[in-house]
Structures are given as structure tokens and as C-alpha cells.
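Asker:
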Amino acid sequence: MCFVANETLPGVGNFLSVLIPSRPDFDAFNFVGMSEERNEIVMELDIEIFEKSVAGSGTHLKMKLRQKPEEGPFLQVELRDRLTVHELPVKLLKTAHWPRFQRPELPDPIVCLSVDKLYANS
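Start counting the sequence shown at -9; every next residue gets the next number (our numbering).
1. Which residue comes first and which comes last in the alpha helix (DSSP H) that contains K42?
2. Could you spell out where the beta strand (DSSP E) holding E77 opens and where it closes?
3. Helix, strand or coil for R90, going by three-state DSSP, please let me know.
4. Going straight from the alpha carbon of E68 to that of H76, what length do you get?
5. Taking C-alpha atoms, which residue in H87, I31, G46, I37 lies nearest to R70?
6. In the DSSP assignment, find the beta strand (DSSP E) that holds E61 and state where it starts and stops.
7. Using beta-carbon positions only, say whether E34 and V80 come within less than 8 Å of one another.
8. Give me the Cβ distance between L82 and I31, rounded to the nearest whole Å; I'm assuming they're in contact under 8 Å.
9. Between G3 and the rest of its own chain, which residues show a CB-CB distance below 6 Å, the 5 nearest in sequence each way excluded?
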């Protein structure tokens, strides 16, 4: 799962990638109508609303993509620590628009550590 803030990525670098490790009870993602190479859902949501709904949350968060009859899709965010459920409206994106939301190619970080000479006090 990747969250990309498209407009601010070049300047500020807002990018969040959430990787879900494979487990025996949750090792396949299959969506009806999708091909094997496009086995994903790309959606757009309001970052501010998402941030407010998870602000101060503990360590457990459950998210579900849902749709009620006669309504648009939404992301249901359940915060177990606060026993709270939020419904955030989302816009599902057609495959033609996916390139705008691809994971950016980021260079490997360069980390340097410089330490001045240490002098012993006598």
C-alpha cells in the first residue's frame, strides 16, 4: 500500500509506503476483473481528512475499501485503541490515470557521520 501526495512530492517529498508482509492467512490479493499484472486498486483521498482520522491513534489500525448500495466507495478506518470507525470518501482511479500515482524513483540516501578529533584532558 502506498500513499503518494502527488502535488507536493517534488518539493516536500510526501510519500508513504506501507508494506503488508505475506502470511499464510493473507498471502494473495485478487480483485475481480483485474489482470494478474494489474492486481491492485488505486484510489484518491483527502490527505487532511485521513490525517485527522488517524491522528493520535495507537498501534492498531484496520482499513477496508467498502461501498454501500446507492453510494460511492469509501475507506473505512477502524481504530481499535479508541473503538472509533471513520468513513472517508475515496475516488477510484481508472487504469489510464495510474502512471500519475506510481511509486517515485528515489535515490539511495547518503548518510555521513563526521566526528572531530577527541582530545584527552590532562
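Even for Gly, the Cβ is constructed at its ideal location relative to N, Cα and C. Owing to the predicted nature of the structure, the values given are computational and were not obtained by experimental measurement.
Answerer: The short version:
1. Run containing K42: 37 to 44, per the alpha helix (DSSP H) assignment.
2. Element bounds for E77: 74 to 82.
3. Assigned with DSSP and collapsed to three states, R90 falls in helix.
4. About 6 Å.
5. Checking every option, the nearest Cα to that of R70 belongs to G46.
6. Boundaries for E61: no beta strand (DSSP E) harbours it, and the DSSP string shows neither H nor E there.
7. The beta carbons of E34 and V80 sit closer together than 8 Å.
8. With a Cβ gap of about 7 Å, L82 and I31 count as contacting.
9. Residue confidence for G3 is low, a pLDDT of 49 falling below 50, so the modelled location carries little weight; the figure read from the coordinates is stated next. A distance below 6 Å between beta-carbons, with the five flanking residues on each side excluded, links G3 to no residue of its chain.
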